[in-house]
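Beneath this line is the structure, given in structure tokens, with notes to follow.
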């Protein structure tokens, strides 16, 4: 969600539609409909999901899987005034490179953290393998195979 918000920016969030798609599958059971409504509310109010987007003006739309609900969604979006995404503004008006944009900075941060994690994991696995090799009998062939596979994955071998 953080990356999406950086791409859109606050001004474009009013043009964002978050559509839920289970509405056409609902049978007459009132308990199921109640659960779906509660789930929809959770998506809108829980920060793990889309709360930030709704707080900044995103809209919710229920799709039932038929043509009329699809047309409703299209008409809703067509009738919105066009907006410039924050990323577009930064690239075009701000003449920034991708890495200089808010999205680029966030992506670079995520990639850097991921690389650091894999580097640590690789070092730990290599250390563990060296220790195990110094003490024969502590490492079964399956353990050795698993450890070597883990090292290969962390080092980009797969």
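Residue numbers (the working numbering): 1038 to 1195.
Quick reminder that beta carbons are idealized off the backbone N, C-alpha and C, glycines included.
- Between the segment 1074-1090 and the segment 1130-1140 there are fewer than three C-beta pairs closer than 8 Å, too few to call the two in contact.
- With a threshold of 16 other beta carbon atoms within 10 Å, residue 1050 meets it and is buried.
- Across the structure, residue 1139 and residue 1172 are spaced so that their CA atoms are roughly 50 Å apart.
- Between the alpha carbons of residue 1128 and residue 1136 lies a distance of about 10 Å.
- Taking a cut-off of 8 Å on C-beta distances, the segment 1158-1169 touches the segment 1181-1188, as three or more cross pairs fall below it.
- Residues of the same chain with a CB within less than 7 Å of the CB of residue 1114, apart from the 5 flanking positions on each side, are 1054 in chain order.
- Taking 9 Å as the cut-off, the beta carbon of residue 1048 is found no closer than this to the beta carbon of residue 1099.
- Beta-bridge annotation (DSSP): residue 1097 is paired with 1055.
- Going by beta carbons, residue 1142 and residue 1093 fall outside the 9 Å limit.
- For the 9 Å CB-CB criterion, residue 1045 and residue 1122 form a contact.
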